[in-house]
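The structure appears below as structure tokens.
Printed below as a string of structure tokens:
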């Protein structure tokens, strides 16, 4: 009986681990392009949801540094909705900051994250931050 109970428990835990692995695929965020937009710098983020979850909420805390490494701006960027298995483009303006002054961008934190099951607290760990050269996007 003990051996049967252990086998059933192992199967259940194995299935739960497999489901978690499916749900926790990477969320790739690429800083793809910067473009002058008057007195602002327009940023293009390419988001690739490699998980099996539809993100209904994804609010990013982004910090912009100038060429000398000094913090210049901090923005909250709403990146949701982000359907499962979908690649999306999010565009936002960094006001009063010419693109040529921008040295790098930091994904400081995830302010809010949620899917069809509700709020999640593991989103920052799932994110892979990259950038097209010569841009720099770090986490």
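Numbering (the numbering used here), first residue to last: 616 to 754. Ideal Cβ placement from N, Cα and C applies to all residues, glycine included.
Proximal residues to residue i (C-beta, below 6 angstroms), its chain only, five neighbours per side dropped
{"i": "residue 645", "result": "661, 745"}
{"i": "residue 659", "result": "647, 648, 706"}
{"i": "residue 650", "result": "657"}
{"i": "residue 738", "result": "725, 728"}
{"i": "residue 748", "result": "none"}
{"i": "residue 759", "result": "Beyond the ends of the chain as shown, which are 616 and 754, falls residue 759; an answer cannot be given."}
{"i": "residue 701", "result": "664"}
{"i": "residue 714", "result": "649, 651, 656"}
For residue i, the nearest candidate out of the options (CA to CA)
{"i": "residue 732", "options": "667, 652, 641", "result": "667"}
{"i": "residue 754", "options": "726, 727, 722, 737", "result": "722"}
{"i": "residue 665", "options": "686, 710, 741", "result": "741"}
{"i": "residue 717", "options": "673, 653, 678, 663", "result": "678"}
{"i": "residue 652", "options": "711, 752, 747, 734", "result": "711"}
{"i": "residue 750", "options": "720, 654, 736", "result": "720"}
Sequence-distant residues of the same chain with beta carbon closer than 8 angstroms to residue i, five excluded per side
{"i": "residue 669", "result": "696, 697, 698, 699, 730, 731"}
{"i": "residue 843", "result": "Lying before the first or after the last residue shown, residue 843 is absent from the chain, which here runs from 616 to 754."}
{"i": "residue 680", "result": "686, 687, 717, 718, 719, 720, 721"}
Residue range of the unbroken alpha helix (DSSP H) whose run includes residue i
{"i": "residue 739", "result": "738-741"}
Endpoints, beta strand (DSSP E) assigned at residue i
{"i": "residue 689", "result": "686-693"}
{"i": "residue 711", "result": "That residue, residue 711, is in no beta strand (DSSP E); it is neither H nor E in DSSP."}
{"i": "residue 727", "result": "717-730"}
Same chain, Cβ closer than 7 angstroms to residue i, neighbours up to 5 away in sequence not counted
{"i": "residue 641", "result": "665, 741, 743"}
{"i": "residue 684", "result": "718"}
{"i": "residue 567", "result": "Look at the range of the chain in this structure, 616 to 754, and you will see that residue 567 is not part of it."}
{"i": "residue 703", "result": "662, 697"}
{"i": "residue 735", "result": "728, 729"}
{"i": "residue 682", "result": "716, 718"}
Contact belief for residue i with residue j at Cβ below 8 angstroms, rounded distance in angstroms
{"i": "residue 643", "j": "residue 663", "result": "4 angstroms"}
For the segment 644-670, which segments carrying the beta strand (DSSP E) assignment without a break, of at least 3 residues, lie completely within its bounds, in sequence order? As far as the segment 644-670 is concerned, its whole beta strand (DSSP E) runs of at least 3 residues are 655-664.
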